[in-house]
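Enquirer: Residue numbers (the numbering used here): 2 to 184.
1. Taking DSSP as the reference, what is the three-state secondary structure of residue 82?
2. Using DSSP with H/G/I as helix, E/B as strand and the rest coil, what is residue 123?
3. Please state the DSSP three-state secondary structure of residue 73.
4. Would you mind working out which of 50, 53, 36, 60 sits nearest residue 18, comparing C-alpha positions?
5. What three-state label does DSSP hand residue 64 in the structure shown?
6. Output the distance between the C-alpha atoms of residue 164 and residue 82, rounded to the nearest integer angstrom.
7. Contact between the stretch 140-154 and the stretch 87-94: three or more CB pairs below 8 Å?
8. Just verifying my parser: in three-state terms, what is the DSSP assignment at residue 25?
9. Classify residue 146: buried if its beta carbon has 16 or more other beta carbons within 10 angstroms, exposed otherwise.
10. Could you give the DSSP three-state label for residue 185: helix, strand or coil?
11. Using the C-alpha atoms, what's the distance from residue 32 back to residue 133?
Here you go:
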């Protein structure tokens, strides 16, 4: 069973307060409307993965700042105990397995995509590289308009500030690890 979802809104407000910026300034930095930021901070709206990326990039913090819920010191984790972030009407689930580690500069995610799911990700200026490893199924990655077809056990790395699209062109689920290295 999933754990309680992280309190994204409170964490966003804490970070914005530490930065000493208004919602207007936050909206300019992130490209997310002031109204939407306020709704998320008050817990009235749950942000999409794309929105969280925009906010983390604008605030210059890691993606897992908002979704981290795991202590990883010598712990065995089960994917069933991690609350997923949902995108694409629930056809894409993102599990933050190992939250950002300031020593390594890495986030470790597991992503599940249902058949024919497509997710477009804008460039992340705060990300140096992304690493993809396919666990199950087939993933089509489009990076700067070049298409890569990845099968189980294939791996791909690319610069985080590239335009990239994740797509599952098949009738089967795809599961992959996404390791993010921050600048």
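We treat Cβ as the ideally placed atom computed from N, Cα and C, and that holds for glycine. Note that the coordinates shown come from a computational prediction; the quantities given were computed from them, not determined experimentally.
Expert: Quick look at the numbers:
1. Residue 82 falls in the helix class under three-state DSSP.
2. Residue state for residue 123 is assigned as coil, using DSSP reduced to three classes.
3. Per-residue confidence for residue 73 stands at a pLDDT of 47, beneath the threshold of 50, marking its modelled position as unreliable; the derived number appears in the next sentence. The three-state secondary structure of residue 73, taken from DSSP, is coil.
4. If we check each option's Cα against that of residue 18, 60 comes out closest.
5. Looking at residue 64 - three-state DSSP - the assignment turns out to be coil, as it is neither helix nor strand.
6. Distance from the CA atom of residue 164 to the CA atom of residue 82, rounded to whole angstroms, is 32 Å.
7. By the C-beta criterion, the stretch 140-154 is judged not to be in contact with the stretch 87-94, since fewer than 3 inter-stretch pairs fall below 8 Å.
8. In the displayed model, residue 25 falls within a helix according to three-state DSSP.
9. Residue 146 counts as exposed, since fewer than 16 other C-beta atoms from the protein chains shown sit within 10 angstroms of its C-beta.
10. Since the first residue shown for the chain is 2 and the last is 184, residue 185 is missing from the structure and cannot be characterised.
11. Each residue's Cα considered, the two are about 27 Å apart.
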